[in-house]
Amino acid sequence: MVQSKAKTVEDYLNELADDRQAAIAALREIILDNIPGGYVETMNWGMISYEIPLETYPDTYNGKPLSYVALASQKQHMAVYMHGVYADPKQLKILTDAFKDMGVKPNMGKSCIRFTKLEKIPLDTIGNLIAMTSVEDYITHYEKVKKK
Numbered sequence: 037m038v039q040s041k042a043k044t045v046e047d048y049l050n051e052l053a054d055d056r057q058a059a060i061a062a063l064r065e066i067i068l069d070n071i072p073g074g075y076v077e078t079m080n081w082g083m084i085s086y087e088i089p090l091e092t093y094p095d096t097y098n099g100k101p102l103s104y105v106a107l108a109s110q111k112q113h114m115a116v117y118m119h120g121v122y123a124d125p126k127q128l129k130i131l132t133d134a135f136k137d138m139g140v141k142p143n144m145g146k147s148c149i150r151f152t153k154l155e156k157i158p159l160d161t162i163g164n165l166i167a168m169t170s171v172e173d174y175i176t177h178y179e180k181v182k183k184k
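Position in the sequence shown counted from 1, then plus 36, gives you the numbering used here.
As structure tokens, this is what we get:
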């Protein structure tokens, strides 16, 4: 995994190649347009991160803010990390069905969707899925999983 040392989102975007910068900036706008209130945009883990601040929810397993979505430019691809989708089988089905409707085989990992071109991912569906989970619902799910 390629990790940036950028301290701000603007610095992160500025260090990307033009084609990657345009794609990451476009997906960032979709995230910002759809993410529920209470999540904050930061630079964390070497990528753009959308998370629940410790002031809101301090009881995380690692003492770091609770990550909901992240966006990164990796060596061979770009990726959007959607932890809420992987925690909810219904949301995962919505996502995989959207790829099927596009006629595109998804390139997905444990919590990421890898892509090289925006045209190969269902942007509207990604925005809708991000909008589905409030901070409160995400914390509730996290606490259920954490207790296991």
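Virtual Cβ for every residue (Gly too), placed ideally from N, Cα, C.
Distance check for residue j and residue i, CA to CA, integer angstroms please.
i, j, result
"I88", "I71", "12 Å"
"T176", "K183", "11 Å"
"N80", "V105", "11 Å"
"E172", "Y97", "17 Å"
"L227", "I130", "Residue 227 is absent from the structure shown; the chain starts at 37 and stops at 184."
"Q39", "D69", "25 Å"
"T152", "A167", "24 Å"
"P125", "V76", "25 Å"
"M37", "N143", "Model confidence at M37 stands at a pLDDT of 44, short of 50, so the residue's coordinates are unreliable; what they give is reported in the following sentence. In a straight line, the C-alpha of M37 is about 16 Å away from that of N143."
"T78", "Y86", "6 Å"
"A10", "Y48", "Since the displayed the chain opens at 37 and closes at 184, residue 10 lies outside it and no answer follows."
Using a threshold of 9 Å, state whether the C-beta atoms of residue i and residue j are closer than that.
i, j, result
"G163", "I67", "yes"
"R150", "M114", "yes"
(request) For the region 89 to 108 and the region 119 to 131, state whether three or more C-beta atom pairs, one from each stretch, are separated by less than 8 Å. (result) In short, these stretches touch, since the Cβ pair count reaches three.
(message) With three or more beta-carbon pairs closer than 8 Å as the criterion, would you say the region 124 to 135 touches the region 151 to 169?
(response) At 8 Å Cβ cutoff, the stretches touch.
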